[in-house]
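Student: Pasting a structure below so you can have a look.
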Amino acid sequence: TRANIEFTGAKAVDLVVEEANDFDSEFPFKGNIDLDKLSAFLDENAGRVPIGMITVTNNTGGGQPVSMENIRKVAALYKKAGAPFYIDACRFAENAWLIKQREPGYADKSPLEIAREMFSYADGATMSLKKDGFGNIGGFLAMNDPQLAEQARNLLILTEGFPTYGGMAGRDLQALAVGLEEVLDEKYLEYRAATIRYMAEHLLATGVRIVQPPGGHAVYIDAKHFYPHIPPESFPGQALVCQLYLKGGIRAVEVGSLMFGRSIDGREYPAERELVRLAMPRRVYTQAHVNYVCEVIAEMFEERSRVQGLRITRQSPILRHFTADLAPVLA
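Here's what the structure looks like:
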């Protein structure tokens, strides 16, 4: 999302709450936007903010949910500033479930009712349907502004396909129509959240530091804690990702200095966090698979001092973490 925004010439500004920086805190809604920071930012940049966006759940911050109260108040601030407010809704159903579990006043509401209220505060939404759409491919852009929708529709015809299918196969459209309903099933959401919590509890018992409390789709390991001897410029998160695959055939993703750091004039400027995301595919794995992952990580944690960092041998100027080549740092 950030790369697409900044590719247009805009600057993406993160205003997450301070609690999000404390991995050990049990604050229930670490995906919240800091209202004071947002209000001050909008005042200082009056007329210069073309769009405001909130992500449910906050993927780069550890899969953390956003409260309904925060969504409502953020929407009010953007409305006051005259800026459209959009929701990045990739994991809207998981966010709705965590609101139901954690926010007072929502325990008796269904995930569908909660989701409807969430979207009611927004001017539009973007969504990758590979997440809470249960799809293999696809996404959508939704908006209340008919004139803006017409512009987007015309561009879509040029770049993707006619608006009735957007470049997607009929099979995928049908699957997504079903998926968007099934993803709000309470039994499914309960099982999914329990699976993530189970993995989190087992890793904590091993001594592995993670982002707490666990969110709805993944467990995030603190790679700085896992490999304290590897400096940020040697990408401890990516080193952990590589070891997971080499040792256990487990695929994970780095959310750290390879993804969010910057290379300027040959010097690496690290990100604030060095995380590794263990995202759980939907309706695929059993408890036995989770146990296997935890056992592999426990063995890796015992042997962590032997692992070296990495250096970049080739990278692209945009979204380098998708295509970069790396090699071990020579001792």
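Take any residue in the sequence shown, note its place counting from 1, add 5, and you have its number in our numbering.
Don't be surprised by glycine CBs; every beta carbon is placed ideally from N, CA and C.
Would a C-beta distance cut-off of 8 Å place A130 and Y91 closer than the cut-off?
Tutor: Their beta carbons are under 8 Å apart, which means A130 touches Y91 by this criterion.
Student: Just to confirm, are P55 and T62 a CB contact at a threshold of 8 Å?
Tutor: Not closer than 8 Å, so no.
Student: Could you tell me the distance, in whole angstroms, from the CA atom of Y203 to the CA atom of G68?
Tutor: Straight-line Cα distance between these residues: approximately 15 Å.
Student: Whole beta strand (DSSP E) runs in the stretch 281 to 330 with 3 or more residues, listed along the chain?
Tutor: Runs found: 315 to 319.
Student: Look at A101 and P116 and say whether their C-beta atoms are less than 8 Å apart.
Tutor: The answer is yes: Cβ separation under 8 Å.
Student: Just mark E345 as buried or exposed, buried being the case when its beta carbon has 16 or more other beta carbons within 10 Å.
Tutor: Outside the shown range of the chain, which is 6 to 336, sits residue 345, and nothing can be said about it.
Student: Give the single residue among M73, K85 and L315 whose Cα lies nearest to the Cα of L47.
Tutor: Checked all of M73, K85 and L315; the closest Cα to L47 is K85.
Student: Which residues does DSSP list as the beta-bridge partners of L146?
Tutor: According to DSSP, L146 bridges with T131.
Student: Given this structure, state the Cα-to-Cα distance separating T291 from P218, to the nearest angstrom.
Tutor: Their Cα atoms are separated by approximately 22 Å.
Student: Given this structure, state the Cα-to-Cα distance separating F306 from V260, to the nearest angstrom.
Tutor: Their backbone Cα atoms lie some 19 Å apart in a straight line.
Student: On the criterion of 16 or more Cβ atoms from any shown chain inside 10 Å, does H222 qualify as buried, or is it exposed?
Tutor: By the neighbour-count rule (16 or more Cβ atoms within 10 Å), H222 is buried.
Student: What would DSSP say about I215, mapped onto helix, strand or coil?
Tutor: Looking at I215 - three-state DSSP - the assignment turns out to be strand.
Student: Among G110, A180 and A15, which has the Cα closest to the Cα of G143?
Tutor: Minimum Cα distance to G143 is reached at A180.
Student: Can you name the start and end residues of the alpha helix (DSSP H) that A174 belongs to?
Tutor: Here A174 belongs to no alpha helix (DSSP H), and DSSP marks it neither H nor E.
Student: Within 10 Å of its beta-carbon, does S125 have 16 or more other beta-carbons around it, so buried, or fewer, so exposed?
Tutor: When all chains shown are included, S125 counts as exposed.
Student: When you compare only the Cα positions, how much space is there between L103 and L209?
Tutor: Taking the straight line joining both Cα atoms gives about 21 Å.
Student: Taking the alpha-carbon of Q248 as reference, which of F167, T211, V298 and R325 has the nearest alpha-carbon?
Tutor: Ranking F167, T211, V298 and R325 by Cα distance to Q248 puts V298 first.
Student: Relative to the C-alpha of G314, which residue among L134, L163 and Q243 is closest?
Tutor: Comparing Cα positions, the closest option is Q243.
Student: Can you list, in chain order, the residues of its chain with a C-beta nearer than 7 Å to that of Y339? Leave out the 5 residues immediately preceding and following it.
Tutor: Absent from the model: residue 339. The displayed extent of the chain is 6 to 336, so no value can be given.
Student: Since Q320 and A329 should fall inside the 8 Å C-beta cutoff, what is the C-beta to C-beta distance between them, to a whole number of angstroms?
Tutor: The Cβ separation is near 4 Å, so the contact holds.
Student: Checking the sheet assignment: what are the DSSP bridge partners for N63?
Tutor: In DSSP, N63 forms a bridge with Q69.
Student: Near I10, which residues of its chain fall below 6 Å by C-beta distance, leaving aside the five closest residues on each side in sequence?
Tutor: So the list reads A17, once near-sequence residues are dropped.
Student: Quick check for students: name the residue ranges of the beta strand (DSSP E) that lie wholly in the stretch 208 to 284, counting only runs of 3 or more.
Tutor: Here the runs fully enclosed are 223 to 227, 258 to 260, 267 to 269, 272 to 274 and 280 to 284.
Student: Just checking my contact of F34 with D227 at CB under 8 Å: how many whole Å lie between their CB atoms?
Tutor: Not confirmed; about 20 Å, so no contact.
Student: Quickly, what does DSSP pair I92 with across the bridge? List them, please.
Tutor: According to DSSP, which records beta bridges pairwise, I92 is partnered with I59 and A130.
Student: How many Å lie between N26 and T65 at the Cα?
Tutor: Using only the alpha carbons, I get a separation of about 12 Å.
Student: Going by the beta-carbon positions, is the gap between I201 and G184 smaller than 8 Å?
Tutor: Not a contact, by the Cβ cut-off of 8 Å.
Student: Would DSSP call A17 helix, strand or coil?
Tutor: Coil.
Student: Would you kindly work out how many angstroms separate the C-alpha atoms of E99 and L189, rounded to a whole number?
Tutor: So the two alpha carbons sit approximately 8 Å from each other.
Student: Would you call K252 buried or exposed, if buried means 16 or more other Cβ atoms sit within 10 Å of its Cβ?
Tutor: Result: exposed.
Student: According to the Cβ coordinates, are L20 and K78 closer than 8 Å?
Tutor: Taking 8 Å as the Cβ cut-off, L20 and K78 do not qualify as a contacting pair.
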